[in-house]
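Since the structure comes first, as structure tokens, the remarks are kept for the end.
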Amino acid sequence: MKRVFSGVQPTGNIHIGNYLGALKQFVELQKENQCIYCIVDMHSITFPQDPKQLKKNILDVAALYMAVGIDTKKSIVFVQSDVPGHAELAWILACNSYTGELSRMTQFKQKNKGRESAPTGLFTYPILMAADILLYDTDIVPVGNDQKQHIELCRDIAIRINNRYKNTFVVPDGRFLKAGARIMALDDPLSKMSKSAENIHSRISLLDEETKIKKSIMRATTDSEGSIKFDMKEKPGISNLMNIYSVFSGMEICEVEKTFEGKGYGDFKKELVQVTKESLTPIKEKYEEIRHSKELLDILKDGAERANTISEKTIKRVKENFGLGL
Ligand code: AQP
């Protein structure tokens with residue numbers, strides 16, 4: 001059995017990019033692996049968060065994990081800050097990584113655009129992410145394409161430490177889907193869909209009302225050509241929508257092209273609204289059942305205990321190999 005680890009930040013409502021790029025994989029991987037899914041609240045404070053809102057967001061993400069199909073009897077679900085090993089290991093990894101490699105991270109460059117000085121946590125975010133992964137002897141990390149560079153850095157740090165000290169870490173592999181790995185913003189198909197973008201119509205959140213879903217899709221940016229052909233370079237808007245349609249409907253892109261041959265963007269968008277609603281309605285219903293149940297807190301408490309048991313073993317091994325403590 002392989003070990004799987006991944007996480008989502010509690011920074012707002014999870015959108016279909018998070019779902020199609022990451023969460024769908026989380027569910028699939030449960031069948032044959034031991035999975036650990038985290039709500040990475042310590043990552044979210046790289047930018048200031050309202051404390052009350054953050055607490056609410058943590059529980060929202062936990063309920064959504066379960067609503068999309070994560071089975072907490074099989075998989076471990078917990079909140080990152082409930083397991084002290086993440087921060088402890090992050091320091092040890094920080095002492096074995098370089099500012100040069102961190103400054104090359106494109107996500108850091110994008111998020112820090114226009115500032116003279118960056119919050120230190122934003123700069124060292126990939127180290128905390130590496131600690132999250134290495135703490136659990138992870139084999140597979142299911143994520144969206146935007147995390148490719150961070151996974152590479154995590155592998156580099158693990159290999160470096162394994163070479164410097166005794167074999168300390170399992171070197172993980174990223175897992176990226178063919179379709180869904182990079183869902184683009186509906187209003188700007190050259191930027192990825194994001195929870196924190198200002199325009200709410202740039203994304204579809206898993207809990208959006210039907211009228212909001214319709215509005216966001218019907219006003220999505222396309223092109224003036226009008227033919228439903230997949231070409232991410234020349235026709236990024238319609239291609240992004242076709243991608244979403246393909247994953248929700250289970251149709252290959254070539255089937256989507258065939259189905260909508262000769263039809264206009266308006267007709268296609270109406271069908272996309274339909275298939276999106278059908279896919280999200282059961283998730284919303286399940287979410288409503290779980291979100292305010294007492295069970296949710298018990299599950300997170302139990303998850304943290306199980307995660308702590310695994311992480312303590314890793315920390316003990318790391319400290320021994322590094323000669324730390326008595
Ligand atoms: N647009 C996307 N397409 C496919 N996958 C995506 N992911 C994020 N955006 C897309 C994947 O979702 C998982 C959780 O992401 P995260 O919450 O850790 O943070 P993020 O990558 O920074 O996501 P956002 O939505 O863009 O958040 P904000 O706006 O807060 O920065 C990851 O596996 C990610 O790859």
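For the sequence shown, the positions run 1 to 326 when the numbering used here is used. For each residue, glycine too, the CB sits at the ideal point set by N, CA and C. As the structure is a prediction and not an experimental result, all values here were calculated from the model.
Cβ neighbours of Phe123 in the same chain (closer than 7 Å, five flanking residues each side left out)
As a first step, residue 123 is located in the sequence shown; it is residue number 123 there, counting from the start. Within the same chain, Cβ atoms closer than 7 Å to the Cβ of Phe123 are found at Leu102, Phe108, the five residues on either side in sequence being excluded.
Of the residues Met1, Leu300, Gly17, Val141, the one placed nearest Arg175, counting alpha carbons only
By 1-based counting over the sequence shown, the position of residue 175 is 175. By alpha-carbon distance to Arg175, the top candidate from Met1, Leu300, Gly17, Val141 is Val141.
Ala304 versus Ala94 - alpha carbon distance
Indexing the sequence shown from 1 puts residue 304 at position 304. Indexing the sequence shown from 1 puts residue 94 at position 94. Between the alpha carbons of Ala304 and Ala94 lies a gap of roughly 24 Å.
With a threshold of 7 Å on Cβ separation, who are the neighbours of Lys24 within its own chain once the five nearest residues in sequence on each side are excluded?
By 1-based counting over the sequence shown, the position of residue 24 is 24. Excluding sequence neighbours, Lys24 sits near Gly180.
Mark Phe47 as exposed unless 16 or more other C-beta atoms lie within 10 angstroms of its C-beta, in which case mark it buried.
Looking up residue 47 in the sequence shown gives position 47. With fewer than 16 neighbouring CB atoms inside 10 Å of its own CB, Phe47 falls in the exposed class.
Take Ala90 and list the residues in its own chain whose beta-carbon comes closer than 7 Å to its own, dropping the five residues that flank it on each side.
Residue 90 sits at position 90 when you count from the first residue of the sequence shown. Result list for Ala90: Ile127, Leu128, Ala131, in chain order.
For the ligand AQP, any of its heavy atoms closer than 7 Å to the Cβ of Ala67?
Translated into the one-based positions of the sequence shown, residue 67 becomes position 67. Exclusion of Ala67 from the 7 Å shell around the ligand AQP follows from its C-beta lying no nearer than that to any non-hydrogen atom of the ligand.
Span of the beta strand (DSSP E), counted from its first residue to its last, around Asp173:
Locating residue 173 in the sequence shown gives position 173, where the first residue counts as 1. Segment 173-175, the beta strand (DSSP E) holding Asp173.
Counting contacts by CB-CB distance shorter than 8 Å, is Lys113 in contact with chain C?
Among the protein chains of the structure shown there is no chain C, as only one such chain exists.
Suppose contacts are defined by Cβ-Cβ distances below 8 Å. Is Asp187 in contact with Asp139 by that definition?
Taking the first residue of the sequence shown as 1, we reach residue 187 at position 187. Taking the first residue of the sequence shown as 1, we reach residue 139 at position 139. Going by C-beta atoms, Asp187 is not nearer than 8 Å to Asp139.
What would DSSP say about Pro142, mapped onto helix, strand or coil?
Counted from its first residue, the sequence shown places residue 142 at position 142. In this structure, Pro142 counts as strand in the three-state DSSP scheme.
Taking only the alpha-carbon atoms, compute the straight-line gap between Ser311 and Pro84 and give it to the nearest angstrom.
As a position in the sequence shown, residue 311 is number 311, starting the count at 1. As a position in the sequence shown, residue 84 is number 84, starting the count at 1. Approximately 9 Å, taken between the alpha carbons.
In this structure, how does DSSP classify Lys166 when only helix, strand and coil are distinguished?
For the purposes of this step, residue 166 is taken as the residue at position 166 of the sequence shown. Correct three-state label for Lys166: coil.
Should Gly17 go down as buried or exposed, given a rule of 16 or more other Cβ atoms within 10 Å for buried?
Translated into positions along the sequence shown, residue 17 becomes position 17. Its Cβ being crowded by 16 or more others within 10 Å, Gly17 is buried.
Using DSSP with H/G/I as helix, E/B as strand and the rest coil, what is Arg203?
Your numbering for residue 203 matches position 203 in the sequence shown. Three-state DSSP puts Arg203 in coil, outside helix and strand.
Tell whether a beta-carbon distance below 8 Å holds between Asn96 and Arg155.
Counting from 1 along the sequence shown, the entry for residue 96 is found at position 96. Counting from 1 along the sequence shown, the entry for residue 155 is found at position 155. No, they are not a contact pair.
If we count Cβ pairs, one from each stretch, closer than 8 Å, do we get three or more for the stretch 258-271 versus the stretch 30-38?
No, because fewer than three Cβ pairs between the stretch 258-271 and the stretch 30-38 fall closer than 8 Å, the two stretches do not touch.
Just to check, is the beta-carbon of Ile386 closer than 7 Å to a non-hydrogen atom of the ligand AQP?
Given that the chain is displayed from residue 1 to residue 326, the structure contains no residue 386 and the question cannot be resolved.
Just to confirm before moving on: does the CB-CB distance between Leu280 and Leu190 stay below 8 Å?
Numbered from 1 along the sequence shown, position 280 holds the residue referred to as residue 280. Numbered from 1 along the sequence shown, position 190 holds the residue referred to as residue 190. Using a Cβ distance threshold of 8 Å, Leu280 and Leu190 do not count as a contacting pair.
Give the single residue among Val318, Ser216, Gly262 whose Cα lies nearest to the Cα of Arg203.
The residue given as residue 203 occupies position 203 in the sequence shown. Among Val318, Ser216, Gly262, the Cα nearest to that of Arg203 belongs to Ser216.
Can you look up Phe5 in the DSSP assignment and give me helix, strand or coil?
In the sequence shown, the residue the question calls residue 5 occupies position 5. Here DSSP, grouped into helix, strand and coil, assigns Phe5 to strand.
Distance check for Arg104 and Asn321, CA to CA, integer angstroms please.
As a working mapping, residue 321 is identified with position 321 in the sequence shown. As a working mapping, residue 104 is identified with position 104 in the sequence shown. As the crow flies, the alpha-carbon of Asn321 is around 29 Å from that of Arg104.
Pick helix, strand or coil for Lys111, following the three-state DSSP scheme.
To locate residue 111, count along the sequence shown from 1; it is residue 111. Helix, per DSSP.
In the structure shown, what three-state DSSP assignment does Val79 receive?
Here residue 79 refers to the residue found at position 79 of the sequence shown. In the three-state scheme derived from DSSP, where H, G and I count as helix and E and B as strand, Val79 is classed as strand.
Could you give the uninterrupted runs of the alpha helix (DSSP H) lying entirely in the stretch 47-105, keeping only those of 4 residues or more?
Fully enclosed alpha helix (DSSP H) runs of 4 or longer: 51-68, 85-94, 99-103.
Which term fits Lys235, buried or exposed, when burial requires 16 or more other beta carbons within 10 angstroms of its beta carbon?
Counting from one through the sequence shown, the residue named residue 235 turns up at place 235. By the neighbour-count criterion, in which a residue is buried when 16 or more other Cβ atoms sit within 10 angstroms of its Cβ, Lys235 is buried.
Quick check: does the Cβ of Asn308 come within less than 7 Å of any heavy atom belonging to the ligand AQP?
The sequence position of residue 308 within the sequence shown is 308, counting from 1. Relative to the ligand AQP, Asn308 has its C-beta separated by 7 Å or more from all heavy atoms.
Based on Cα-Cα distance, which residue from Glu32, Pro10, Asp146, Tyr265 lies nearest to Met1?
Along the sequence shown, one-based indexing puts residue 1 at 1. Of Glu32, Pro10, Asp146, Tyr265, the residue nearest in Cα terms is Glu32.
Simplified DSSP assignment, three categories, for Met184
Your numbering for residue 184 matches position 184 in the sequence shown. Strand at Met184.
Endpoints, the beta strand (DSSP E) within which Tyr125 is located:
Residue numbering aside, residue 125 sits at position 125 when the sequence shown is read from its first letter. Per DSSP, Tyr125 belongs to no beta strand (DSSP E); it is in the alpha helix (DSSP H), 120-134.
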